[in-house]
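S.K.: Chains as they are written, first to last, in the numbering used here: chain D, 963 to 1404; chain V, 963 to 1404.
Quick reminder that beta carbons are idealized off the backbone N, C-alpha and C, glycines included.
One structure coming up, written as structure tokens, with questions to follow.
Protein chains: 2
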Amino acid sequence: MSRNNHHVVIVGGGFAGLSAARALKRAPCRVTLIDRRNFHLFQPLLYQVATGSLSPANIASPLRKVLKSQANADVLLGEVQAFDPVAGRVILSDGTVSYDTLVVAAGMRNHYFGHDEWEAVSPGLKTVEDATEIRRRIFLAFEAAEREPDPQRVEALLTFVVVGAGPTGVELVGALSEIAHDTLKGNFRHIDPDKARILLLEGSPRVLSMFPEDLSHKAAAQLERRGIELMTSTFVTHIAPGSVTVRQGERVSSIPTRTVIWAAGVAPSPLAAELRRAFGAELDSRGRVKVQPDCSLAGHPEVLVIGDMASFSHRGGDPLPGMAPVASQQGRYVGRLVRRRLGARPCPPFRYFDAGSMAVIGRGSAVAHVFSLRFGGRLAWLTWLLIHLMYIVEYGNRVLIFLQWAFNYFTFNRAARLITGKAPFPLTVGDDPPRGSDLRSS
Amino acid sequence: MSRNNHHVVIVGGGFAGLSAARALKRAPCRVTLIDRRNFHLFQPLLYQVATGSLSPANIASPLRKVLKSQANADVLLGEVQAFDPVAGRVILSDGTVSYDTLVVAAGMRNHYFGHDEWEAVSPGLKTVEDATEIRRRIFLAFEAAEREPDPQRVEALLTFVVVGAGPTGVELVGALSEIAHDTLKGNFRHIDPDKARILLLEGSPRVLSMFPEDLSHKAAAQLERRGIELMTSTFVTHIAPGSVTVRQGERVSSIPTRTVIWAAGVAPSPLAAELRRAFGAELDSRGRVKVQPDCSLAGHPEVLVIGDMASFSHRGGDPLPGMAPVASQQGRYVGRLVRRRLGARPCPPFRYFDAGSMAVIGRGSAVAHVFSLRFGGRLAWLTWLLIHLMYIVEYGNRVLIFLQWAFNYFTFNRAARLITGKAPFPLTVGDDPPRGSDLRSS
């Protein structure tokens, strides 16, 4: 490897890519970070944007600002379409970039298991635009219910279905329950938001199935205490405007609803398949890119794949889960790997330091599995809060987030509950508009 | 008038409409406030959203929250299309609402003087979506410049043109100058944002022409000190992707630019023309609805028109300007008028209490005309800050805005500088994409 002019190109400014870029701060190389967006998104809090607690800017850090003082780092707003292994180039939709080392950390996108037509009815939660669209649908459903004279249609409008009981699904129903029971209390004159039904559908037999069983049960109990209807071992067979069809064992039933949120599946960025095409990378059953113990592609030590889209088998076991801590640690690792390679020194394989995981359910309630401790309730929630604040502070200026949270907590308010985007008139949520009669006769 | 069941329908939740609703809090009547959005927008700070200082939610208050504890008030999300004077009904796109008293406060929209085709190239600043679109264009222009190898095209990308030197135009160029000279300092590797050109075009001979002449001169001097190029007595004859054509006297010239923001004209909501059709209302030369001394329509005492769309001739003089204080005072006035009418008591005509006006130019600089005092600079800026904070606090929870401002002020940061919305790839700003070559050769 030639020093100084060695060019590391990083694709993706999420936790993995940004950590890698920062870990190369003092390395004798040039770094180019390519992302489609001009900001790093603190994805673990995106559900709070979707439910009106935070604004997008609260959880976004401009990439240029984060890397401003890192002289060897260059940010490029661009969309990567392909790789050219022969010329050693990344091909964008509008240009090319040559690399010596290529780090691909392009993350995941929503995945509907072959039912892409469900996406329009049932948005997932991956981008800022996803979040504001979900926010729009949630608050618009209450608005439409307020105007709807037909009780059956009011019921469908006040039924919210979240598909998938992983951390995101659990966080979403928890927040929905707070919206219905606290935030919107007294805001309407013709409906009682307290009567909203919130359903959480899950194919496996328990919620948060990646947690130990006792924590799943704790979480389920906390959810039910908040009035959330859990439907486990339940498979979605159809989603249409106005209803979700589910199968439980042999029983098929239909749930009338105007708001369905998809939290059931993600798949790697299309760049995973492109890595297979270009470099012969092997993909695992979920489409993630299998990597060597040093995060490189077999036969291509110059190509490193990290973060959610990588399938890293830890000590021969199951692939590591797609979580921010894994991504950040892999980012720091490849930074170290490149520095060592530039100094012609060997580097031990990547080791994941597992501090545990947690999921938040709502005000003062969460479950945590930290080291070998398992706990729930208020303590877990406070731990969650502290850890997230620590992470956020790392990425910038987010004292304000804490204040916004404190404010929301004490006032039960959600200041960011704006309905923005396309005009909703005539007011339709789902298939048909409310009936036009005198809407406010006394 | 019948008591208790008397129904006041207010169209528009801006300063005028919302003040009217609140002023009817203890009145023996029902109040229905209709708005297309579920929030009141603090429009005087919208330029701070467009320039990445604040998030939309920072300047929006959910209407339902503001009116939550007002038992006689009902909020309706809806779009008014017409009025039916015979049946006494407001006609929405999806229903109708009967009124006894009708208050119309639908405000203004962008107006391009017969050149509607300019709108796509040169967005105005009226809605939250306008603001995030302008924000997107500003920050995308810098991103595209960073990637552009051709120096002439870089120059066009770094040229920002604001059309119209009223308060909004002046505020926008002031903020643009801070973005270029402070916020983005050191953020780029291939361009120097400091070299951005910021132009302010104005048809009349001076900026802020509604202010006394000495304040206009003060403002112009402050703008020029910030490197803003003022072009007064300058008329825009054409706006196309890539350039603005202007005429100064006999001289016609073209300014290559990729970012044009329209702050030159607003016109009343289409509901002004609908009031003419339905009630025979008279419109003034700018299309605003002429009202009686009690804000009612001639021949229709039950129809009150207030806020920016009303043409209220104060003591026989020029119509009052479209400003938040006028709108708020008119709102409170019609609240009082309706209460008096319901008590069968007479009400004196509306009187505007003119506390003055001000325009902010940037960090620590503004001009103010308060009572008979005229002043500029830091004192004017502090006055502006205090008054706006007072107003914002009135509408809710906005301690956070103050903290965000304080934070921005001391760090020169703009945390809300997100490029969101439609994907910009291949990267185009204006007519054509940057040339695709190796974008990061060493």
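Taking K1406(D) as the query, report the chain V residues whose CB atoms sit under 8 angstroms from its CB, ordered along the chain.
M.R.: The requested residue 1406(D) is not part of the displayed model; chain D covers only 963 to 1404.
S.K.: Enumerate in chain order the residues of its own chain whose CB-to-CB distance from S950(D) is below 6 angstroms, with the five nearest sequence positions on each side excluded.
M.R.: In this structure chain D extends from 963 to 1404, so residue 950(D) is not present and cannot be described.
S.K.: Quick check on F1004(D) - is its C-beta less than 9 angstroms from some C-beta in chain V?
M.R.: False, the Cβ-Cβ gap to chain V never drops below 9 angstroms.
S.K.: Is R992(V) close to chain D, meaning its C-beta is less than 9 angstroms from at least one C-beta of that chain?
M.R.: Closer than 9 angstroms to some Cβ of chain D, the Cβ of R992(V) qualifies, so yes.
S.K.: Quick one: is N1020(D) near chain V, going by C-beta distance under 9 angstroms?
M.R.: Taking Cβ atoms only, chain V reaches closer than 9 angstroms to N1020(D), which makes this a yes.
S.K.: Under 8 angstroms: do the stretch 1006-1014 of chain V and the stretch 1091-1104 of chain V share three or more Cβ pairs, one atom per stretch?
M.R.: Yes: the two stretches touch, three or more of their Cβ pairs being nearer than 8 angstroms.
S.K.: Is the CB of N1072(D) under 9 angstroms away from at least one CB in chain V?
M.R.: With 9 angstroms as the cut-off, N1072(D) does not count as an interface residue toward chain V.
S.K.: Going by C-alpha distance, which of P1006(D), L995(D) and I1021(D) is nearest G1128(D)?
M.R.: Of the candidates P1006(D), L995(D) and I1021(D), the one whose C-alpha sits nearest the C-alpha of G1128(D) is P1006(D).
S.K.: Helix, strand or coil, according to DSSP, for L1177(V) in the structure here?
M.R.: Residue state, collapsed to three classes: helix.
S.K.: Among L1038(D), S1060(D) and A1035(D), which residue has its Cα nearest to the Cα of F1045(D)?
M.R.: Among L1038(D), S1060(D) and A1035(D), the Cα nearest to that of F1045(D) is on S1060(D).
S.K.: Any beta carbon of chain V sitting closer than 9 angstroms to that of A1106(D)?
M.R.: Judged by the 9 angstroms Cβ criterion, A1106(D) is in contact with chain V.
S.K.: In terms of DSSP beta bridges, what is W1224(V) paired with?
M.R.: DSSP, once it has assigned bridges, lists V1125(V) as partnering W1224(V).
S.K.: When the cut-off is 9 angstroms and only beta carbons count, does K1157(V) lie next to chain A?
M.R.: Absence of chain A from the displayed structure is noted, the protein chains being D and V.
S.K.: Closest Cβ-Cβ distance between L1122(V) and chain D: below 9 angstroms?
M.R.: Reading the sequence as shown, one finds Phe at residue 1122(V) and not Leu. Not one chain D Cβ lies under 9 angstroms of F1122(V).
S.K.: Tell me the rounded alpha-carbon separation between E1041(V) and T1058(V).
M.R.: Their backbone Cα atoms lie some 10 angstroms apart in a straight line.
S.K.: So, for L980(V): in the same chain, excluding its five sequence neighbours on each side, which residues have a beta-carbon less than 6 angstroms away from its beta-carbon?
M.R.: Correct list, in chain order: H1002.
S.K.: Say whether the stretch 1232-1242 of chain D touches the stretch 1260-1271 of chain D, bearing in mind that this needs 3 or more beta-carbon pairs closer than 8 angstroms, one atom from each stretch.
M.R.: Segments in contact, yes.
S.K.: For P1174(D), does the count of other Cβ atoms within 10 angstroms reach 16, so buried, or fall short, so exposed?
M.R.: It counts as exposed.
S.K.: So if DSSP puts I1096(D) in a beta bridge, which residue, or which two residues, is it bridged to?
M.R.: According to DSSP, which records beta bridges pairwise, I1096(D) is partnered with nothing at all.
S.K.: Jot down the residue ranges of each uninterrupted alpha helix (DSSP H) in the stretch 1023-1091 of chain V, minimum 4 residues, whole runs only, in chain order.
M.R.: Complete alpha helix (DSSP H) runs here, min 4: 1025-1028.
S.K.: Kindly indicate if chain D contains any beta-carbon less than 9 angstroms away from that of P1388(V).
M.R.: Chain D, which has a Cβ nearer than 9 angstroms to the Cβ of P1388(V), makes this yes.
S.K.: How far does the alpha helix (DSSP H) with E1117(D) in it reach, from first residue to last?
M.R.: Run containing E1117(D): P1113 to L1119, per the alpha helix (DSSP H) assignment.
S.K.: Starting from E1264(V) and walking both ways along the beta strand (DSSP E), at which residues does that stretch end?
M.R.: H1262 to V1267 is the span of the beta strand (DSSP E), which, as asked, contains E1264(V).
S.K.: Can you tell me where the beta strand (DSSP E) with V1206(V) in it begins and where it stops?
M.R.: Start and end: S1205 to Q1210.
S.K.: Kindly indicate which three-state DSSP category T1194(D) falls into: helix, strand or coil?
M.R.: Coil.
S.K.: Just the Cα atoms here: how many angstroms apart are R1098(V) and S1055(D)?
M.R.: If you take the alpha carbons of R1098(V) and S1055(D), they lie about 20 angstroms apart.
S.K.: Express the C-alpha separation of L1025(D) and Y1353(D) in angstroms, rounding to a whole number.
M.R.: For Y1353(D) and L1025(D), the distance between alpha carbons rounds to 16 angstroms.
S.K.: Can you tell which of G1297(V), F1333(V), V1222(V) and K1157(V) has the C-alpha that lies nearest to the C-alpha of E1081(V)?
M.R.: The residue with the shortest Cα to Cα distance from E1081(V) is V1222(V).
S.K.: Look up I1160(V) in the DSSP assignment and say whether it is helix, strand or coil.
M.R.: In this structure, I1160(V) counts as strand in the three-state DSSP scheme.
S.K.: Measuring straight from C-alpha to C-alpha, what distance separates L1233(V) and E1133(V)?
M.R.: Cα to Cα, L1233(V) sits roughly 29 angstroms from E1133(V).
S.K.: Considering just the uninterrupted stretch of the beta strand (DSSP E) at E981(D), what are its terminal residues?
M.R.: This sequence places Ser at residue 981(D); Glu is not what is there. Per DSSP, S981(D) belongs to no beta strand (DSSP E); it is in the alpha helix (DSSP H), F977 to A985.
S.K.: Pick out whichever of H1077(V), N1072(V) and A983(V) has its Cα sitting closest to the Cα of S1031(V).
M.R.: Checking every option, the nearest Cα to that of S1031(V) belongs to A983(V).
S.K.: Use the C-beta contact count for S1139(D): other C-beta atoms within 10 angstroms, 16 or more gives buried, fewer gives exposed.
M.R.: Per the 10 Å Cβ criterion, buried.
S.K.: Taking DSSP as the reference, what is the three-state secondary structure of V1322(D)?
M.R.: Residue state, collapsed to three classes: strand.
S.K.: Among D1062(V), Q1043(V) and L1039(V), which residue has its Cα nearest to the Cα of G1050(V)?
M.R.: That would be D1062(V), whose Cα lies nearest to the Cα of G1050(V).
S.K.: For the putative contact between V971(D) and I996(D), defined by C-beta atoms under 8 angstroms, what is the C-beta separation to the nearest angstrom?
M.R.: Between I996(D) and V971(D) the Cβ distance is about 7 angstroms, and since that is below 8 angstroms, they are a contact.
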